[in-house]
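Asker: Residue numbers (the numbering used here): 55 to 307. For each residue, glycine too, the CB sits at the ideal point set by N, CA and C. From a predicted model like this one, the values you see are computed outputs, not experimental measurements. Questions regarding the structure given below will be posed in turn.
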Amino acid sequence: MNSMVRFLHHPTSQPCRAVHQFMLEVEIPFEEEVVDLINGENEQQSFKDAYNPTGQVPILRDGDFIVWESAAIASYLNEKYAVPSNWFGGNMQQRATIQQYLHWHSTYLRRGAGAFFYTHFAECIWGKRDYSKEIAKGKHTLDESMELLELWLTKSHYLCGDEISFPDLLGYHELVSHVAGAILVDADWQKYPKTKQWFDTLTTRSHSKTVSEVIMQVGAARLAGHIIPMNRKTSLAKGTEIKPGIPGMAQQQ
Ligand SMILES: N[C@@H](CCC(=O)N[C@@H](CS)C(=O)NCC(=O)O)C(=O)O
Numbered sequence: 055m056n057s058m059v060r061f062l063h064h065p066t067s068q069p070c071r072a073v074h075q076f077m078l079e080v081e082i083p084f085e086e087e088v089v090d091l092i093n094g095e096n097e098q099q100s101f102k103d104a105y106n107p108t109g110q111v112p113i114l115r116d117g118d119f120i121v122w123e124s125a126a127i128a129s130y131l132n133e134k135y136a137v138p139s140n141w142f143g144g145n146m147q148q149r150a151t152i153q154q155y156l157h158w159h160s161t162y163l164r165r166g167a168g169a170f171f172y173t174h175f176a177e178c179i180w181g182k183r184d185y186s187k188e189i190a191k192g193k194h195t196l197d198e199s200m201e202l203l204e205l206w207l208t209k210s211h212y213l214c215g216d217e218i219s220f221p222d223l224l225g226y227h228e229l230v231s232h233v234a235g236a237i238l239v240d241a242d243w244q245k246y247p248k249t250k251q252w253f254d255t256l257t258t259r260s261h262s263k264t265v266s267e268v269i270m271q272v273g274a275a276r277l278a279g280h281i282i283p284m285n286r287k288t289s290l291a292k293g294t295e296i297k298p299g300i301p302g303m304a305q306q307q
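What follows is the structure in structure tokens.
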């Protein structure tokens, strides 16, 4: 019987990359399956029924058990494989600090992804429109988040202490996308020197570059003006809309 966990993901996805890098760093054996987000495989009812009713990736399958949400997946793997304690905390307070970051991340820094999504992908899905409000909202969230990252990184080498933990990978891969799409440029980094130092340190880790390769290529293609044909009508970054339900925009077409 094959007991390897199965990882369903897409290489352009920030939370997927964080989990992917985590598994590589701590040497968890896994099978992978790239879900075709570009053509909306994740929106098929059969996919939602089988894996995740929200249609989002990453997803982990372990036998009959399925778990989604990047932090929940990594936390499950952490327990299953008795991963070194720096990744999810070795004592009650470290664990609480890590959980604190994970909850904050999903409602703040993650939402900043709207700046990247609306700058580079919205046009590929819905065509040329005015996405300036969504982009501004994403940038504002990103700026506010960067201020907090800078504050934390002034106090410790990594986001939750002096050792790397899963939050660093989650935060890092959000910023990798912003770098790939030139949402974060030199002028921004100058405001956040500690965050830049941390970002550069993470970039030198083994696996950072390979896990980020596809999004760097996609970012470069978009910056060069290439359209990526996307047959789907919903947002890759749900919750970043100005008005929830922006897919309705597509229905008006
Ligand atoms: N909070 C989730 C976010 C997952 C997420 O945003 N996934 C996106 C890719 S980056 C997705 O699957 N989007 C497909 C869709 O919304 O249809 C996590 O951390 O796992």
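Check whether the Cβ of LYS209 lies closer than 8 Å to any heavy atom of ligand 1, and answer yes or no.
Answerer: The sequence position of residue 209 within the sequence shown is 155, counting from 1. No; taking the cut-off as 8 Å, the Cβ of LYS209 has no heavy atom of ligand 1 nearer than that.
Asker: Just checking my contact of SER124 with PRO112 at CB under 8 Å: how many whole Å lie between their CB atoms?
Answerer: Reading the sequence shown from its first residue, position 70 is the one you call residue 124. Reading the sequence shown from its first residue, position 58 is the one you call residue 112. The pair is a contact, with the Cβ atoms about 6 Å apart (cut-off 8 Å).
Asker: Once the 5 residues before and after LEU207 are set aside, which same chain residues still bring their CB inside 6 Å of it?
Answerer: Taking the first residue of the sequence shown as 1, we reach residue 207 at position 153. Closer than 6 Å at the Cβ level, and outside the excluded window around LEU207, lie LYS248, THR249 and TRP252.
Asker: With DSSP as the reference, identify every bridge partner of LEU62, one or two as the case may be.
Answerer: Against the sequence shown, residue 62 aligns to sequence position 8. Answer is GLU87 and ILE113.
Asker: Give a single yes or no on whether GLY109 has its beta carbon closer than 8 Å to a heavy atom of ligand 1.
Answerer: For the purposes of this step, residue 109 is identified with residue 55 of the sequence shown, where counting begins at 1. GLY109: yes, Cβ under 8 Å from ligand 1.
Asker: Can you say whether PRO83 is buried or exposed, counting buried as having 16 or more other CB atoms within 10 angstroms of its CB?
Answerer: For the purposes of this step, residue 83 is identified with residue 29 of the sequence shown, where counting begins at 1. The residue in question, PRO83, is exposed, as its Cβ has fewer than 16 Cβ neighbours within 10 Å.
Asker: Have a look at PHE61 and SER186 and give me their C-alpha separation to the nearest angstrom.
Answerer: Stepping through the sequence shown from its first residue, residue 61 is reached at position 7. Stepping through the sequence shown from its first residue, residue 186 is reached at position 132. C-alpha separation (whole angstroms): 35 Å.
Asker: With H, G and I counted as helix, E and B as strand and the rest as coil, what does DSSP make of PHE119?
Answerer: Translated into positions along the sequence shown, residue 119 becomes position 65. PHE119 falls in the strand class under three-state DSSP.
Asker: Please report the straight-line C-alpha distance between PHE101 and ALA190, rounded to a whole angstrom.
Answerer: Taking the sequence shown and counting its residues from 1, the one referred to as residue 101 is at position 47. Taking the sequence shown and counting its residues from 1, the one referred to as residue 190 is at position 136. Answer to the nearest angstrom: the Cα atoms are 33 Å apart.
Asker: Report the rounded CA-to-CA distance for ARG165 versus GLN75, giving the unit in angstroms.
Answerer: The residue labelled residue 165 in the question sits at position 111 within the sequence shown. The residue labelled residue 75 in the question sits at position 21 within the sequence shown. Each residue's alpha carbon lies about 21 Å from the other.
Asker: Taking 8 Å as the cut-off, is the beta-carbon of TRP122 closer than that to any non-hydrogen atom of ligand 1?
Answerer: As a position in the sequence shown, residue 122 is number 68, starting the count at 1. Yes, ligand 1 has a heavy atom inside 8 Å of this Cβ.
Asker: Leaving out five residues before and five after LYS292 in sequence, what residues of the same chain have Cβ atoms less than 6 Å from its Cβ?
Answerer: Residue 292 sits at position 238 when you count from the first residue of the sequence shown. Excluding residues within five positions, none has a Cβ falling inside 6 Å.
Asker: Please tell me whether, using a cut-off of 8 Å, the distance from the CB of GLN244 to the nearest non-hydrogen atom of ligand 1 is below it.
Answerer: To locate residue 244, count along the sequence shown from 1; it is residue 190. Answer for GLN244: no, Cβ out of range of ligand 1.
Asker: Please report how far the alpha carbon of GLY168 lies from the alpha carbon of ALA176, in whole angstroms.
Answerer: Start at 1 with the first residue of the sequence shown, and residue 168 comes out as number 114. Start at 1 with the first residue of the sequence shown, and residue 176 comes out as number 122. The straight-line gap from Cα to Cα measures roughly 10 Å.
Asker: For ARG40, collect the residues of the same chain with a Cβ closer than 6 Å to its Cβ; drop the 5 residues on either side in sequence, then sort them by chain order.
Answerer: There is no way to answer for residue 40, as the model of the chain reaches only from 55 to 307.
Asker: Is it true that the CB of THR195 sits closer than 9 Å to the CB of TYR329?
Answerer: Examination of residue 329 is not possible in this model, given that the chain is present from 55 through 307 alone.
Asker: In chain order, what residues of the same chain have a beta carbon less than 6 Å from the beta carbon of LEU203, not counting five sequence neighbours either side?
Answerer: Taking the first residue of the sequence shown as 1, we reach residue 203 at position 149. Hits under 6 Å: THR249.
Asker: Go ahead and pull the three-state DSSP assignment for GLY94.
Answerer: Within the sequence shown, numbered from 1, the residue matching residue 94 stands at position 40. Three-state DSSP puts GLY94 in coil, outside helix and strand.
Asker: Can the beta-carbon of ALA236 be found closer than 9 Å to that of GLY273?
Answerer: If you number the sequence shown from 1, residue 236 lands on position 182. If you number the sequence shown from 1, residue 273 lands on position 219. The answer is yes: Cβ separation under 9 Å.
Asker: Within its chain, find whatever has a CB closer than 8 Å to the CB of ALA275; leave out the 5 residues flanking it on each side and keep chain order.
Answerer: In the sequence shown, residue 275 corresponds to position 221, counting from 1. Only residues of its own chain outside the window of five on either side were considered, and among them ILE282 have a CB closer than 8 Å to the CB of ALA275, listed in chain order.
Asker: Helix, strand or coil for TYR212? Go by DSSP, reduced to three states.
Answerer: For this step, residue 212 is matched to residue 158 along the sequence shown. Here TYR212 sits in strand by DSSP.
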